[in-house]
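There are 2 protein chains.
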Amino acid sequence: MKIAQVSPLFESVPPKHYGGTERVISYLTEELVHQGHEVTLFASGDSTTEARLIAPCAQSLRPEMLRYPWLAYHTIQMDMVAEMASEFDVLHFHTDYLHFPIAKRLGTAHVTTLHGRLDLPELEPLYKRFPHIPVVSISNSQRAPLPWGDWHATVYHGLPDNLYSFVPEAGNYFVFIGRISPEKRLDRAIDIALQCDMPLYIGAKIDKADEAYFEEQIKPLLRHPKLQFLGEIGEREKRELLGHATALLFPIDWPEPFGLVMIEAFSCGTPVIAYPHGSVPEIMEDGVTGYTVTSQEEAVRAARNIHLIDRKGCREAFERRFTATHMAENYLRVYQQLLSG
Amino acid sequence: MKIAQVSPLFESVPPKHYGGTERVISYLTEELVHQGHEVTLFASGDSTTEARLIAPCAQSLRPEMLRYPWLAYHTIQMDMVAEMASEFDVLHFHTDYLHFPIAKRLGTAHVTTLHGRLDLPELEPLYKRFPHIPVVSISNSQRAPLPWGDWHATVYHGLPDNLYSFVPEAGNYFVFIGRISPEKRLDRAIDIALQCDMPLYIGAKIDKADEAYFEEQIKPLLRHPKLQFLGEIGEREKRELLGHATALLFPIDWPEPFGLVMIEAFSCGTPVIAYPHGSVPEIMEDGVTGYTVTSQEEAVRAARNIHLIDRKGCREAFERRFTATHMAENYLRVYQQLLSG
Chain R
2 MKIAQVSPLF ESVPPKHYGG TERVISYLTE ELVHQGHEVT LFASGDSTTE
52 ARLIAPCAQS LRPEMLRYPW LAYHTIQMDM VAEMASEFDV LHFHTDYLHF
102 PIAKRLGTAH VTTLHGRLDL PELEPLYKRF PHIPVVSISN SQRAPLPWGD
152 WHATVYHGLP DNLYSFVPEA GNYFVFIGRI SPEKRLDRAI DIALQCDMPL
202 YIGAKIDKAD EAYFEEQIKP LLRHPKLQFL GEIGEREKRE LLGHATALLF
252 PIDWPEPFGL VMIEAFSCGT PVIAYPHGSV PEIMEDGVTG YTVTSQEEAV
302 RAARNIHLID RKGCREAFER RFTATHMAEN YLRVYQQLLS G
Chain E
2 MKIAQVSPLF ESVPPKHYGG TERVISYLTE ELVHQGHEVT LFASGDSTTE
52 ARLIAPCAQS LRPEMLRYPW LAYHTIQMDM VAEMASEFDV LHFHTDYLHF
102 PIAKRLGTAH VTTLHGRLDL PELEPLYKRF PHIPVVSISN SQRAPLPWGD
152 WHATVYHGLP DNLYSFVPEA GNYFVFIGRI SPEKRLDRAI DIALQCDMPL
202 YIGAKIDKAD EAYFEEQIKP LLRHPKLQFL GEIGEREKRE LLGHATALLF
252 PIDWPEPFGL VMIEAFSCGT PVIAYPHGSV PEIMEDGVTG YTVTSQEEAV
302 RAARNIHLID RKGCREAFER RFTATHMAEN YLRVYQQLLS G
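So the sequence lines, in the order shown, correspond to chains R and E.
The number in the working numbering is simply the position in the first sequence, starting from 1, with 1 added.
The number in the working numbering is simply the position in the second sequence, starting from 1, with 1 added.
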């Protein structure tokens with residue numbers, strides 16, 4: 002009989018130490034080979050077998066057998082999508098890559114928007130395996146680590162044009178919005194505000210992974226009376242806070258694929274002071290929607306001159322490039338392309 | 002146009018707080034509806050949309066957007082399997098449920114052995130969604146939480162019959178093998194050994210998740226001179242240790258789907274003292290391969306009488322029920338059934 006054995010990839014088959022599942026798979030596989038069956042083992046490349054070995058990865062992945070509830074629900078979801086696929090002209094996925102194997106076999110046009118950073122080591126073998134899955138980037142810079150993807154377009158994020166109201170006259174404070182994590186560089190934002198002697202409002206959540214960073218690096222800085230730490234804030238508070246700010250400080254230190262809060266600021270008329278990482282150079286129009294800076298010195302100078310930026314120009318830039326209507330039009334063009342191609 | 006939008010399920014669409022991806026999906030979806038397209042959104046049930054909502058789960062899953070490298074490699078693996086499916090008579094999966102949506106569409110007979118515990122809450126909706134995926138349990142008790150699975154057989158794990166050698170004369174010590182975690186109850190094993198005034202060798206690894214438990218609950222107990230903590234041990238050490246033990250102590254406190262170490266003990270002729278959880282009553286033959294006990298008092302009595310168990314009877318039980326040959330034969334019966342059904 003021709004038999005495929007599909008093993009988890011967490012441990013080699015057989016495993017080096019513990020790993021009951023992989024050991025049993027090994028015993029079963031070798032026994033079937035021994036009995037004369039034609040066996041193929043899909044397992045990590047450090048496996049040892051008399052069967053034909055097909056290895057999706059060179060090394061076994063990690064010792065802990067991690068199982069996650071979210072995976073069950075995404076598996077259910079993909080089955081639902083597959084079952085109903087023929088009802089649709091286009092399937093638009095936003096679920097990373099989980100659906101790739103099934104999407105390419107469904108016979109319905111599909112496209113995937115990649116929302117995350119793409120410089121993770123496991124994505125190189127993944128996208129080399131799936132070179133013909135149509136993908137959309139949310140900035141051109143996001144694509145850099147995966148030039149072999151089947152890129153159909155960059156579609157910038159958009160907001161409903163009435164989601165934020167234009168605020169013609171700003172208050173007198175800076176704002177920092179987002180997560181508190183090393184790559185978001187709240188420490189830089191604090192330094193800029195204090196050097197300018199301006200109040201800084203901080204609306205930011207702290208992920209579990211960043212709690213130690215917050216306690217050690219950020220909390221000691223927050224004692225200054227010019228700084229207001231608000232924790233995680235809701236949409237309404239954010240609108241208020243962002244709309245009346247003199248500027249949004251966005252001194253990031255990582256290749257952020259798309260800085261949504263920047264276009265939220267623009268839509269209120271609030272200019273942005275940003276470091277030019279990731280998507281920032283594509284989103285910012287230097288001197289029009291704020292200033293792009295490469296050092297704290299420049300940032301402080303830009304912050305002191307921020308009144309030179311016309312708030313109406315920021316709003317106009319938003320309307321010209323970053324509305325939900327633009328986004329939808331751009332996606333519809335992609336859908337049409339898929340259907341006519 | 003008829004468009005499906007497939008969102009991650011981590012946050013509702015739109016999200017309650019942060020969650021850039023789900024917000025953008027919401028903006029896009031509503032805009033497409035607004036433009037007159039027929040849009041279906043596959044997203045968590047707490048989403049709000051003008052599109053048709055299809056919810057694989059009632060609530061969004063969790064706030065952290067977790068991405069895991071292992072998922073990329075298992076995705077590659079499933080694509081490899083799918084591409085080659087027609088080469089095989091049978092596909093035998095050991096990868097939980099990740100492959101269910103694609104396996105059922107491949108047109109090749111397939112079966113999945115479930116190696117883990119099945120009393121996790123997310124598995125109920127999952128197996129209700131996939132009632133016709135042929136599955137095999139590794140003990141009858143393992144099935145209890147999922148009676149609606151398409152169970153084709155229980156196939157007990159097996160070991161190559163020459164993997165361990167029969168040791169006719171035991172040494173004079175007990176052994177505990179496995180992980181150190183609350184449900185494995187090393188504390189009970191220690192108590193049994195000390196009450197019998199017997200040495201206990203402990204060959205056990207400590208997962209990251211169990212480090213605090215080890216430090217707080219177990220480490221203080223290990224100071225006694227009768228106890229030898231060896232940490233994680235290799236296969237060869239294990240054979241030596243297990244083969245010459247007076248008995249394996251297996252006082253578990255959880256529904257272990259299959260206690261592989263019990264049949265390893267049998268194959269050396271080493272009897273087992275076990276609490277009757279999970280698969281234990283199916284694997285143990287009380288009075289033949291050791292003793293099943295329900296209290297520490299009984300366990301100590303059993304340990305003192307363990308010389309009444311014939312080591313040859315343990316080995317014979319192994320040869321009768323738990324060799325790799327038996328396991329392979331049982332699986333081949335399942336494969337044949339699938340092909341003729």
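Backbone N, C-alpha and C fix where the C-beta goes; we use that ideal spot for every residue, glycine too.
Note that the structure is a prediction, hence the values are computed from the model and not measured.
C-beta neighbour in chain R for residue i, strict 8 Å
i, result
"residue 87(E)", "no"
"residue 185(E)", "no"
"residue 158(E)", "yes"
"residue 48(E)", "no"
"residue 133(E)", "no"
"residue 51(E)", "no"
"residue 91(E)", "yes"
"residue 106(E)", "yes"
"residue 229(E)", "no"
"residue 65(E)", "Unreliable positioning characterises residue 65(E) in this predicted model, as indicated by a pLDDT of 47, which lies under 50. The coordinate reading is nonetheless provided below. At least one chain R Cβ lies under 8 Å of residue 65(E)."
"residue 126(E)", "yes"
Close-in-space but distant-in-sequence residues of the same chain around residue i (CB under 7 Å, 5 per side omitted)
i, result
"residue 283(R)", "140, 141, 142"
"residue 265(R)", "160, 165, 243"
"residue 177(R)", "187, 190, 201, 203, 205, 250"
"residue 151(R)", "132, 133, 134, 135, 136"
"residue 51(E)", "31, 34"
"residue 127(E)", "98"
"residue 261(E)", "158"
"residue 245(E)", "168, 171, 172"
Cutoff 6 Å; reference residue i; Cβ partners in own chain excluding five residues on either side
i, result
"residue 94(E)", "100, 113"
"residue 324(R)", "159, 162"
"residue 270(R)", "167, 168, 312, 315, 316"
"residue 228(R)", "201"
"residue 104(R)", "111"
"residue 336(E)", "91"
"residue 62(E)", "10, 11"
"residue 53(R)", "41"
"residue 327(E)", "159"
"residue 331(E)", "156"
"residue 64(E)", "Per-residue confidence for residue 64(E) stands at a pLDDT of 48, beneath the threshold of 50, marking its modelled position as unreliable; no derived number is given."
Identity of the residue in the options nearest residue i by Cα
i, options, result
"residue 158(R)", "172(R), 5(R), 115(R)", "115(R)"
"residue 297(E)", "281(E), 189(E), 133(E)", "189(E)"
"residue 222(E)", "187(E), 210(E), 77(E)", "187(E)"
"residue 225(E)", "155(E), 244(E), 194(E)", "194(E)"
"residue 25(E)", "8(E), 41(E), 36(E), 104(E)", "8(E)"
"residue 144(E)", "84(E), 80(E), 256(E), 245(E)", "256(E)"
"residue 310(E)", "340(E), 28(E), 267(E)", "267(E)"
"residue 305(R)", "245(R), 14(R), 174(R), 280(R)", "174(R)"
"residue 107(R)", "89(R), 97(R), 96(R), 51(R)", "89(R)"
"residue 98(R)", "11(R), 130(R), 238(R)", "130(R)"
"residue 58(R)", "232(E), 74(E), 53(E)", "74(E)"
"residue 231(R)", "211(R), 179(R), 196(R)", "179(R)"
CB contact below 8 Å: residue i versus chain E
i, result
"residue 3(R)", "yes"
"residue 296(R)", "no"
"residue 315(R)", "no"
"residue 198(R)", "no"
"residue 1(R)", "The question about residue 1(R) has no answer here: the residues shown for chain R are numbered 2 through 342."
"residue 101(R)", "yes"
"residue 283(R)", "no"
"residue 256(R)", "no"
"residue 218(R)", "no"
"residue 7(R)", "yes"
"residue 12(R)", "no"
Close beta carbons around residue i, own chain, < 8 Å, minus the five adjacent residues each side
i, result
"residue 214(R)", "181, 182, 183"
"residue 199(E)", "173, 174, 175, 227, 247, 304"
"residue 295(R)", "276, 277"
Check: residue i C-beta below 7 Å from any heavy atom of the ligand GDP
i, result
"residue 2(E)", "This structure simply doesn't include the ligand GDP, nor any ligand for that matter."
_Closer than 8 Å is the cut-off here; do at least three beta carbon pairs connect the segment 311 to 325 of chain E with the segment 286 to 295 of chain E?_
yes
*Between the segment 265 to 277 of chain R and the segment 241 to 254 of chain R, are three or more C-beta pairs nearer than 8 Å?*
yes
*asked:* Taking contact to mean 3 or more Cβ pairs, one atom from each stretch, closer than 8 Å, check whether the segment 119 to 137 of chain R and the segment 120 to 128 of chain E are in contact.
replied: no
*Going along the chain, which residues of the segment 139 to 164 of chain E sit with their C-beta nearer than 7 Å to a C-beta in chain R?*
Within the segment 139 to 164 of chain E, the qualifying residues are 158, 159, 160, 161.
*asked:* Any contact between the segment 81 to 92 of chain E and the segment 39 to 50 of chain E? By contact I mean 3 or more CB pairs, one from each, below 8 Å.
replied: Fewer than three beta-carbon pairs drawn from the segment 81 to 92 of chain E and the segment 39 to 50 of chain E are found closer than 8 Å, and the two stretches are therefore not classed as touching.
*Within 7 Å of chain R by C-beta, residues of the segment 262 to 284 of chain E in sequence order*: none
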